[in-house]
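Q: Structure provided below as structure tokens; questions to follow.
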Amino acid sequence: MPDRREQTRKTLAEPLLAFAVAICVAAGLYWVGGLVGFVQQIMHGLIACMFLVGPQIAARLSRQPFDDRAAGITLHPIGPGLRVLGYALLVTWPAFILGFFVFYGSLCPSLRILRAIVPICSRWPGIAGMHLQLPEGFWLLALSQILIVAVPEEVFFRGYLMSRFEDRFPSRRRWWGAAVGWPLLLTSLLFAIGHFLVDFQPARLAVFFPALAFGWMRSRSGSVAPGAVFHALCNLLSEVLHESFF
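Structure, rendered in structure tokens:
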């Protein structure tokens with residue numbers, strides 16, 4: 236019988252190493268892209284490809300089986316997925332929009348440290364300065380958000396990493412129909428740390444909170460698809476709000 240500690244080490248080593256390699260590559264592309272225009276143009280596509288194929292490569296190298304469908308990397312079940320997406324939009328979007336106005340309208344002007352961390356705080360025009368408009372090239376941006384950002388990130392983090400952590404730390408609690416536990420917290424934490432380590436902007440750590448919602452949606456629906464659509468829609472909402480006010 237294999238040593239339990241050795242099995243634990245192998246179970247955790249593969250996803251953690253895959254995460255470290257992915258973030259190092261993403262950070263390298265980001266900083267090189269700042270110096271080389273060609274790299275900047277293809278950077279997001281390369282990172283997306285890495286997140287999409289990384290799980291299979293890591294599984295083959297470690298000789299640990301990985302089942303895409305069992306990890307939720309599938310469109311099915313569609314019906315429950317649509318319901319979960321509807322719940323998430325209904326619950327979070329009003330809170331997100333309210334938080335946007337509270338953050339920029341109240342906290343930014345009053346806290347000097349926030350103006351240092353989030354430079355656009357100083358450019359807040361107030362509610363009266365709003366001019367509702369879509370970002371330039373909105374539909375291309377929307378396509379990019381779903382195909383280049385949301386789907387690859389959900390496949391890697393909520394599909395691959397979260398399922399690997401579930402193998403080691405099975406979630407034993409349920410919240411609103413979804414199994415929640417250490418896998419959700421660990422995946423969300425790595426999601427936030429990964430974003431920060433790419434460009435070292437402290438504000439990026441805030442993605443920990445939407446990551447909790449993405450992970451809950453994955454667990455509740457059995458698929459990464461609802462979370463990917465929600466992920467893209469949230470990014471687009473943020474873009475529209477910033478374009479309208481800044």
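If you're matching positions, the sequence shown starts at 236 in the working numbering and goes up one per residue.
Here a beta-carbon is modelled for each residue, glycine too, at the ideal position from N, C-alpha and C.
In this text, all values refer to a predicted model and were calculated from it rather than measured experimentally.
For a test of the three-state rule: what should DSSP assign to V415, helix, strand or coil?
A: Strand.
Q: Using DSSP's beta-bridge definition, name the partner residues of W410.
A: Answer is A413, bridged to W410.
Q: By how many angstroms is the C-alpha of A460 removed from the C-alpha of L310?
A: Cα to Cα, L310 sits roughly 6 Å from A460.
Q: If you draw a straight line from the alpha carbon of F426 to that of G450, how long is it in whole angstroms?
A: In a straight line, the C-alpha of F426 is about 11 Å away from that of G450.
Q: Excluding sequence positions up to five away, which residues of its chain have a Cβ less than 7 Å from the Cβ of M452?
A: So the list reads V319, A323, P461, G462 and F465, once near-sequence residues are dropped.
Q: Give the secondary structure of W359 by DSSP, where H, G and I count as helix, E and B as strand, and everything else as coil.
A: Coil at W359, not helix or strand.
Q: In three-state DSSP terms, what is H366?
A: DSSP places H366 in coil when its eight states are reduced to three.
Q: Residues in the same chain with beta-carbon distance under 7 Å from T327, minus the five sequence neighbours each way, listed in chain order, please.
A: Within the same chain, T327 has close Cβ partners A448.
Q: What does the alpha-carbon distance come out to for the pair I282 and R399?
A: Near 21 Å, if we compare the C-alpha coordinates of R399 and I282.
Q: Measure the C-alpha to C-alpha separation of V386 and F392 and round it to an integer number of angstroms.
A: C-alpha separation (whole angstroms): 10 Å.
Q: Checking 9 Å against the spacing of the C-beta atoms, do Q368 and V475 come in under that value?
A: Cβ distance < 9 Å, so Q368 and V475 count as in contact.
Q: Let me know the alpha helix (DSSP H) ranges lying completely inside the stretch 255–334, each 4 residues or longer, listed in chain order.
A: Fully enclosed alpha helix (DSSP H) runs of 4 or longer: 272–297.
Q: Span of the alpha helix (DSSP H) holding F373?
A: Note, F373: alpha helix (DSSP H), F373 to S379.
Q: Measure from the alpha carbon of V260 to the alpha carbon of each residue in L396, P250 and M285, then state which is nearest.
A: When only C-alpha atoms are compared, the closest one is M285.
Q: Would you report the Cα separation of V267 and E478, rounded to the nearest angstrom?
A: Using only the alpha carbons, I get a separation of about 28 Å.
Q: Quick check: what's the CA-CA separation for L421 versus F443?
A: Near 10 Å, if we compare the C-alpha coordinates of F443 and L421.
Q: Hey, could you find the ends of the alpha helix (DSSP H) A460 is sitting in?
A: Run containing A460: A460 to F480, per the alpha helix (DSSP H) assignment.
Q: DSSP three-state call for P237: helix, strand or coil?
A: Bear in mind that a pLDDT of 49 at P237, under 50, signals an unreliable position, so the number given afterwards is only what the model happens to contain. The answer is coil: DSSP assigns P237 none of H, G, I, E or B.
Q: To the nearest angstrom, how far is it from the Cα of P290 to the Cα of R304?
A: Straight-line Cα distance between these residues: approximately 13 Å.
Q: Cα separation between F331 and G321?
A: Each residue's Cα considered, the two are about 15 Å apart.
Q: List the endpoints of the continuous alpha helix (DSSP H) containing E401.
A: Element bounds for E401: M397 to R403.
Q: Assuming R455 and G412 make a contact with CB atoms under 8 Å, what is their CB distance in whole Å?
A: Indeed they touch by this definition, with Cβ atoms about 5 Å apart.
Q: Given a cut-off of 9 Å on the beta-carbon distance, is the pair F353 and A438 in contact?
A: Reading off the sequence shown, one finds Val at residue 353, where the question assumed Phe. For V353 and A438, yes; Cβs fall inside 9 Å.
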